[in-house]
Amino acid sequence: MAFFKKKYQSKKSRARLGEINTAHGQVKTPAFVPVATKGTLKTLTPKQIKEIGVQLSFVNTYHLVVSPGVDVIEKAGGIHKMADFNWPLMSDSGGFQVFSLARQNFKSQITNIKKNLNNKNQDNQRRADIRGEESPLVKKISEDGVKFRSLYDGRLIEFTPEKSMEYQMKIGADLNMAFDECTYYPATYEYTEKAMERTHNWLVRCVNYKRAQAIGKKQGYSFFNKQYLYGIIQGGTYTDLRKKSAEFVASQPVDGVAIGGVSVGETKKEMRKQVGAVAGLLPDDRPVHLLGVGQFDDIIDLVKCGIDTFDCVEPTRLARMGILLSFSDSNKIDINKGIYKNNLEVVDKSCGCWVCQTFTKAYLHHLFKQKEILGYTLATYHNLSVMEKFMGHIREMIGKDLI
RNA sequence: CCAGAGGUGGCGGAGUGGCCAAUCGCAGCAGACUGUAAAUCUGCCGGGUUUUCCCUGCGGAGGUUCGAAUCCUCCCCUCUGGA
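Take any residue in the first sequence, count from 1 to its spot, add 5: that is its number in my numbering.
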């Protein structure tokens, strides 16, 4: 069975219907990919995840290397088995942590700078310059790879393209991301270009590593053990770099293409612009993933650029903050608000998921106010149900050429 | 009735002569969150519509002092032992 199959091309845009086939099942695209960083989709049991209808979820190599460690995972038979995630999985390479962990340090520096400087432009200028400085959590970014400090026990962890691939193979997710460097926003052109080129070099190394591993293992289209590799497009907010990156990544023998380095602080408009810039360069015969994007309006708009899968922490994170996604009520309600204290209406009439059919706003409000564990579970269950329903609509609309 | 401890903003609880409209926590209110160090973070939180400004204010009433939540006197109330 082909790894990726385009089933329908909208007549109205680049939007398309497709299917991704993996050893752990099929994914109908466009699909939303909830994030289960540490091998757990926070607050949900595998049974609940299945029930919601999640097709594909996301795990993070960096976090799994830190804990529990890839060797235990491998011994356990892979993360699918260990976590009882009996559906397709995608693993991130650790590249995003180059951005997110370094930013912690960056943030505190920014705070200090803000205290000392009033001039905003100057402030932004400084932000760009700070990039790449030493930080407690990202020790060093070099051509060879990145040295991180473990969040868990402080030990030094080194990621190179080869190591990321090795770790991802041990983790065993079906879809793997090439090791990349996710750049900051704002970042200078020079830095962004350098990071992009580094990302390209790293992609070649990832491909070579997988090839070497595949020798003697005849696995059809995939390089190794039915795990598929996505190359990542970078280029920050510079359209010419984005295009260059897209062309390069698409030219590589990768199974899929991902767009990274977006929604890292730039405006929505800017983000759309960058994805749009690359839309015409995306491969027609391979799946396209957009990293880190998943708000309703983003998905509607970006599906039109030919994006097949979207991962995003937002629905699950917001759920834990008490923000319930909704098709009415201007997209979300904050169940913590006092106005829900005595509201005996169902959470979301238009939803119809188990949570909405069963529980009232007053009950959810109460659970959140009391910080009861069940509250987080119910909210997460609901938000992901909304996402699944939403993606279903999107697929339907593409099928009818409405998108 | 005797002895001891205590009464501070919605609650808990610091402060024990000026830097106190009063630390802090909780609750409340508002905001943020897009490849998860996030069940997290930020701001407000006596009143006056912003304020480096004014009012009220640490059980009550007096008093000492340039100045009191903080010291003194009396009163009211609570708690813990004893009768």
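For each residue, glycine too, the CB sits at the ideal point set by N, CA and C.
The residue from 184, 160, 285 with its alpha-carbon nearest to that of residue 150 is 184. Around the beta carbon of residue 163, fewer than 16 other beta carbons lie within 10 angstroms, which makes this residue exposed. Per DSSP, reduced to three states, the secondary structure at residue 14 is strand.
Separation of the CB atoms of residue 280 and residue 251 is rounded to 10 Å, and the pair is thereby denied contact status at 8 Å. DSSP places residue 96 in the strand class (E or B) of the three-state scheme. For residue 307, the enclosing alpha helix (DSSP H) covers residues 301-308. Across the structure, residue 14 and residue 144 are spaced so that their CA atoms are roughly 45 Å apart. Ranked by Cα distance from residue 408, the options 311, 73, 347 are led by 311. In summary, residue 77 is exposed, with fewer than 16 beta-carbon neighbours lying within 10 Å of its beta-carbon over all protein chains present. Between residue 198 and residue 63, the alpha-carbon positions lie close to 28 Å from each other. Within the region 318-369, complete beta strand (DSSP E) segments of at least 3 residues are found at 328-330, 337-339, given in chain order. In chain order, 276, 297, 298 place their CB closer than 7 Å to the CB of residue 268, counting only its own chain and leaving out the 5 sequence neighbours on each side. In this structure, the beta-carbon distance from residue 190 to residue 244 does not fall below 8 Å. Residue 23 is a Cβ neighbour of residue 9, given a cutoff of 8 Å.
Between residue 307 and residue 178, the CB-CB gap reaches or exceeds 8 Å. In terms of Cβ geometry, residue 240 and residue 234 do not form a close pair [threshold 8 Å]. Contact check for residue 257 and residue 236: beta-carbon distance about 5 Å, within the 8 Å limit, so the pair qualifies. If you check the CB distance, residue 329 and residue 384 come in under 8 Å. Within the same chain, Cβ atoms closer than 7 Å to the Cβ of residue 286 are found at 248, 251, 252, 255, the five residues on either side in sequence being excluded.
Note on geometry: alpha-carbon atoms of residue 293 and residue 399 lie some 16 Å from one another. Judged by pairs of C-beta atoms under 8 Å, the region 341-359 touches the region 379-396, as three or more such pairs exist.
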